[in-house]
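The opening residue of the sequence shown carries number 47 in the numbering used here; numbering runs sequentially from there.
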Amino acid sequence: MAVKDTFYLSHGSPTLSIDESLPARKFLQSWKETVYSQKPTSILIISGHWDTAVPSVSSISGRYSTIYDFYGFPRSMYQIKYPAPGSPHLANRVKQLLTSSGFGRRHPSLPAVGPIGEGRHLSLQLGEGAGPIEGRGCSYSGVFPWALEFDTWLKRALLEGRYDDVNQWEKKAPHAKTAHPWPDHLYPLHIVMGAAGADTKAKQIHDSWDLGAVSYAAYQFTSP
């Protein structure tokens with residue numbers, strides 16, 4: 047069984063946490079009212095900032111500390127804390143699902159998913175392996191043409207269900223290497239697509255821009 051709903055969120059600049067002028071910030075603030083009203087018991091995050099040599103899932107029994115891996119921003123940003131509780135039970139469940147799907151058998155000490163350096167197809171398979179877990183307006187003013195062309199191609203491919211094209215975005219998308227010189231921030235997209243299942247339907251739930259090239263596009267994938 048696939049996950050009923052999965053989400054792909056573009057995060058952009060760290061100033062998203064304080065800049066009230068960003069439409070993407072208002073979108074995230076209205077999440078409960080406009081996107082998903084149910085309160086989740088836990089959240090599995092597939093991050094573009096977590097590269098590992100082998101498939102891995104991480105969690106802690108306590109609460110996470112906040113890592114400030116950015117420099118030169120307003121002081122207030124370094125005072126933001128998000129002590130989210132870990133979920134070892136969910137991490138173990140994901141590990142079991144991935145192992146039963148063929149991942150980690152050569153690595154018995156697998157800490158057990160993150161976007162990894164082995165490529166987009168493996169990321170899609172990771173999502174498929176983790177799938178059984180239960181659980182608008184836009185302005186284009188000042189956007190670089192290459193960024194808009196890439197973003198438009200990706201949007202059309204997703205909404206039209208051309209997921210094979212999305213898996214081959216490096217070959218098929220216009221300006222692929224300019225938009226994403228390194229694919230780490232798109233690996234999570236393949237994983238949430240895979241987790242939602244083969245018959246998933248994509249829906250764009252937000253579309254805005256910042257700095258001429260930073261797309262805050264967000265998508266929801268719903269399985270039948």
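No residue lacks a Cβ here, since even glycine has one placed at the ideal position from N, Cα and C.
When burial is assigned at 16 or more other CB atoms within 10 Å of the CB, is residue i buried or exposed?
| i | result |
| --- | --- |
| His-95 | exposed |
| Ser-261 | buried |
| Ile-237 | buried |
I need the straight-line Cα distance from residue i to residue j, nearest angstrom please.
| i | j | result |
| --- | --- | --- |
| Glu-66 | Asp-51 | 28 Å |
| Arg-139 | Thr-268 | 21 Å |
| His-57 | Lys-141 | 26 Å |
| Ile-64 | Leu-143 | 37 Å |
| Pro-60 | Ile-91 | 17 Å |
| Lys-72 | Ala-263 | 13 Å |
| Ala-130 | Ile-89 | 10 Å |
| Leu-204 | Gln-250 | 9 Å |
| Gly-118 | Tyr-124 | 10 Å |
| Glu-180 | Asp-230 | Residue confidence is low: Glu-180 scores 46 on pLDDT, short of 50, so the model does not pin down where it sits. Its coordinate-derived value is still stated next. Looking at the two C-alpha atoms, the distance is approximately 26 Å. |
Per DSSP, residue i forms a beta bridge with which residues?
| i | result |
| --- | --- |
| Pro-131 | Arg-109 |
| Ala-264 | Leu-55, His-252 |
| Lys-23 | With the chain covering only 47 through 270, there is no way to say anything about residue 23. |
Going by DSSP in three states, residue i sits in which element: helix, strand or coil?
| i | result |
| --- | --- |
| Gly-240 | helix |
| Glu-66 | coil |
| Arg-208 | coil |
| Gly-173 | At Gly-173 the pLDDT is 45, less than 50, meaning the model places this residue with poor confidence and gives no usable figure here. |
| Trp-271 | This structure does not reach residue 271, given that the chain is present from 47 up to 270, and the question cannot be answered. |
| Ser-122 | helix |
| Ala-259 | coil |
| Gln-214 | coil |
Which residues in the same chain have their Cβ closer than 6 Å to the Cβ of residue i, if we skip the five residues on either side of it in sequence?
| i | result |
| --- | --- |
| His-153 | Because His-153 sits at a pLDDT of 34, beneath the cut-off of 50, its placement in the model cannot be relied upon, and the point is left open. |
| Tyr-128 | Thr-112 |
| Thr-224 | Trp-192 |
| Ile-126 | Ser-63 |
Which residues in the same chain have their Cβ closer than 8 Å to the Cβ of residue i, if we skip the five residues on either side of it in sequence?
| i | result |
| --- | --- |
| Leu-200 | Val-212, Trp-215, Ala-219, Ala-263 |
With a CB to CB cut of under 7 Å and the five nearest residues on each side skipped, what residues in its chain are close to residue i?
| i | result |
| --- | --- |
| Leu-55 | Ala-264 |
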